[in-house]
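One structure is given below, encoded as structure tokens.
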Amino acid sequence: MKKTWWKESVVYQIYPRSFKDSNGDGIGDLNGITEKLDYLKELGIDVIWLSPVYESPNDDNGYDISNYQGIMKEFGTMEDFDRMLARAHELGIRIVMDLVVNHTSDEHPWFVESRKSKDNPYRDYYIWKEGKDGREPNNWSSCFGGSAWKYDEATDMYFLHLFSPKQPDLNWENERVRRAVYEMMDWWCQKGIDGFRMDVISMISKDPAYPDGELKENGYGDYGPYVYNGPRVHEYLQEMNREVLSRYDLLTVGECAGVTVEEARRYANLDSRELNMVFQFEHMNLDGGETFKWNDRKIDLVELKQTLSKWQTQLHEKAWNSLYWCNHDQPRILSRLGNDGDAYREISAKMLATCLHMMQGTPYIYQGEELGMTNVPFSSLEDFRDIESINAYHEYVERGRITPEDMMRYLCCKSRDNARTPMQWNDEKNAGFTEGAPWIMVNPNYPKINAKEQLSRETSVFHYYQKLIRLRKEHEIIVYGNYTLLLPEDPALYVYTRELDGEKLLVVCNFSDQAKDFSLPEGFSPRKLTRLIGNYDRPAAEVRMELSPYETIVFLQASK
Ligand code: GLC
Ligand code: CA
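Be aware that the sequence shown starts at 0, since it is given in numbering that gives the first Met the number 0, and climbs by one per residue.
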């Protein structure tokens with residue numbers, strides 16, 4: 000397999016609003032990030048993915064952009080950005096920007112023009128349709144609740160917004176839109192950035208017939224089949240690749256809701272005609288259900304293994320995986336799949352990290368994951384800031400579909416705000432995030448879980464992540480080896496092997512709070528094994544071992 004830096008890198012995602020506030024207004028900012036680059040250097044990551052820092056009215060925290068070439072006032076200035084970029088590069092850290100081009104803000108000048116009249120030169124930058132029998136053009140629902148169409152009086156037509164009404168979808172069929180996007184991307188590349196994480200990029204090409212979708216539980220139609228991996232998406236990405244991406248040395252990752260293995264092999268083919276890798280969602284959707292993600296179900300380990308293993312084996316030598324448990328849209332993995340109680344918090348955080356980081360693909364760490372940050376004990380709707388969570392509460396509770404008590408419990412399990420509370424730097428006021436009043440509550444567990452304490456303690460989750468990152472640099476097998484799942488039906492153990500040029504890696508993870516027996520699989524012999532990392536003191540491998548609760552161990556077997 001061809002070796003490239005982005006296959007060998009570890010990426011760290013920063014959600015700037017919640018990372019570090021440098022001026023006491025309660026909102027994280029670019030200077031705050033610059034201040035903390037040394038911390039990230041110490042962790043050992045290679046690349047930062049920066050969630051959007053562009054000008055935005057913040058209906059969806061920056062994912063609604065009103066100026067792609069300006070910095071959000073709350074986050075600082077373009078000079079602050081340049082300083083951050085230069086300092087990151089000095090430290091050998093690359094910066095990947097969030098590219099949000101499925102939609103803009105309704106306050107973007109293109110949309111302000113577009114809605115003015117049917118013959119405005121920007122009209123076709125967006126998707127406008129006539130109503131049908133006095134109603135919306137079709138039955139699609141928006142991701143954030145309600146119809147995906149909004150009526151606009153000025154021209155008596157509807158515009159499409161797959162997300163909030165303040166996020167109108169761009170019309171990618173329009174060549175001028177595509178040119179404008181490529182020019183803007185080129186401008187950032189000229190500035191020296193190192194790649195793009197492409198927001199909902201699998202949704203940019205819609206079925207031109209705009210048919211009604213299959214009715215869902217909420218009374219709206221499912222747009223999925225007409226939007227995900229649409230008819231021209233690969234054509235657009237190949238064009239983008241020719242026009243911009245191929246001219247620079249970039250890391251590109253597409254957020255691809257609804258992506259299948261077959262589609263991923265096209266988006267992220269090793270021939271690099273489109274993107275380097277995709278974010279798939281199958282493993283994150285395993286605890287979904289009838290009412291979308293709003294429930295308190297747990298992910299079933301057997302299903303999780305099946306799903307992740309499918310991606311591991313079916314992209315092998317064809318495309319490239321990204322590896323993630325967390326991002327700004329997901330609850331904290333430690334509360335979701337691990338155990339956030341005091342006894343096993345750190346142990347299970349290390350186990351989850353090992354399970355992910357030993358797979359094939361480029362690992363992503365979301366801010367605070369390296370400290371074992373947990374979900375948040377929100378107690379009322381007022382504690383939430385996220386548009387999706389607030390809208391969902393109203394939609395499900397007011398329809399009588401979910402009781403207020405249940406919905407509050409579901410929000411605590413699944414709300415995106417679980418990932419968005421401030422980074423916990425130390426045990427001082429507001430976890431050291433801000434001198435002022437934070438824009439969203441701080442998780443009250445910060446006196447116990449914070450970076451300062453973890454940096455000072457060799458056995459911390461932070462130092463464990465540091466070691467995982469280092470191991471990836473020391474052993475090519477972790478990056479390039481092939482993957483085989485063992486014990487697929489075991490409900491508690493996730494065990495897999497990696498292999499490269501006769502060398503073998505054995506990764507053992509106990510996902511349960513019980514001790515479990517484990518026998519070395521065929522082809523492994525205790526004498527030949529070196530222990531690379533683990534979360535308990537276990538001096539050597541044995542043919543039969545009793546694994547402790549949430550124990551993980553990685554053994555390397557040399558080729559001879
Ligand atoms: C992506 C982002 C999410 C945002 C949505 C609309 O899924 O990750 O935060 O709300 O796109 O831009
Ligand atoms: Ca600030």
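Just so it is clear, CB atoms sit at the ideal spot from N, CA and C, and this is done for glycine as well.
Computed from a predicted structure; not experimentally measured.
- Counting along the chain, the unbroken beta strand (DSSP E) around residue 97 starts and ends at 93-98.
- Under the DSSP assignment, residue 183 falls in the alpha helix (DSSP H) whose first and last residues are 174-190.
- Taking C-beta atoms as the reference points, residue 422 and residue 17 count as a pair closer than 8 Å.
- Set against 7 Å, the gap from the CB of residue 254 to the closest heavy atom of ligand 1 is smaller.
- Taking residue 41 as reference, the option from 541, 369, 530 with the minimal CA-CA separation is 369.
- Within the stretch 70-147, the alpha helix (DSSP H) runs of at least 4 residues that lie entirely inside it are, in chain order, 77-89, 108-113.
- Within its own chain, the residues whose Cβ lies closer than 6 Å to the Cβ of residue 63, once the five positions on either side in sequence are excluded, are 55, 104, 165, 166, listed in chain order.
- With 6 Å as the limit, the residues whose C-beta approaches a heavy atom of ligand 2 more closely than that are 20, 21, 22, 24, 26, 28, in chain order.
- Beyond the five residues adjoining it in sequence on each side, residue 180 comes within less than 6 Å, by CB distance, of 100 in the same chain, given in chain order.
- Using a 10 angstroms sphere on the CB of residue 397, the tally of other CB atoms stays under 16, which defines it as exposed.
- Distances taken from the Cβ of residue 79 to the heavy atoms of ligand 1 include none shorter than 7 Å.
- When DSSP states are grouped into helix, strand and coil, residue 382 belongs to the helix group.
- If only uninterrupted alpha helix (DSSP H) runs of at least 4 residues are considered, those enclosed by the stretch 275-326 are 300-314.
- Taking residue 21 as the centre and dropping the five residues before and after it, the same chain places the C-beta of 28, 30, 31, 34 closer than 7 Å to its C-beta, in chain order.
- Distances from the CB of residue 99 to the heavy atoms of ligand 1 include at least one below 7 Å.
- For residue 224, the enclosing alpha helix (DSSP H) begins and ends at 223-226.
- Apart from the 5 residues on each side of it in sequence, residue 377 sits with its Cβ closer than 6 Å to the Cβ of 411 in its chain, given in chain order.
- At a threshold of 7 Å, residue 59 counts as near ligand 1, since its beta carbon sits closer than that to one of the ligand's heavy atoms.
- Distance from the Cα of residue 261 is smallest, within the candidate group 279, 247, 252, for 279.
- With a cutoff of 7 Å, residue 328 counts as near ligand 1, since its C-beta is closer than that to a heavy atom of the ligand.
- Closer than 7 Å to some heavy atom of ligand 1: that describes the Cβ of residue 199.
- Per the coordinates, the alpha-carbon of residue 552 lies some 33 Å from the alpha-carbon of residue 87.
- Around the C-beta of residue 259, fewer than 16 other C-beta atoms lie within 10 Å, and the residue is accordingly described as exposed.
- Taken from the Cβ of residue 554, every heavy atom of ligand 1 lies 7 Å or farther away.
- DSSP places residue 203 outside both helix and strand once states are collapsed to three, so it counts as coil.
- In the three-state reduction of the DSSP assignment, residue 217 falls in the coil class.
- Counting other Cβ atoms within 10 Å of its Cβ, residue 381 stays below 16 and is therefore classed as exposed.
- Look at residue 157: its beta carbon is at least 7 Å from all of the heavy atoms in ligand 1.
- In terms of side-chain proximity, the C-beta atom of residue 62 is found nearer than 7 Å to a non-hydrogen atom of ligand 1.
- Residue 256 counts as buried, since no fewer than 16 other beta carbons sit within 10 angstroms of its beta carbon.
- Between residue 296 and residue 238 the beta-carbon gap is near 41 Å, outside 8 Å, which marks them as no contact.
- Taken atom to atom, the span from the alpha-carbon of residue 108 to that of residue 122 is near 12 Å.
- Within the chosen limit of 7 Å, ligand 1 reaches the beta carbon of residue 162 through at least one heavy atom.
- For the pair residue 252 and residue 276, the CB atoms are nearer than the 8 Å cut-off.
- Looking at the DSSP output, residue 48 bridges to 12, 95.
- Under the three-state reduction of DSSP, residue 481 is assigned to strand.
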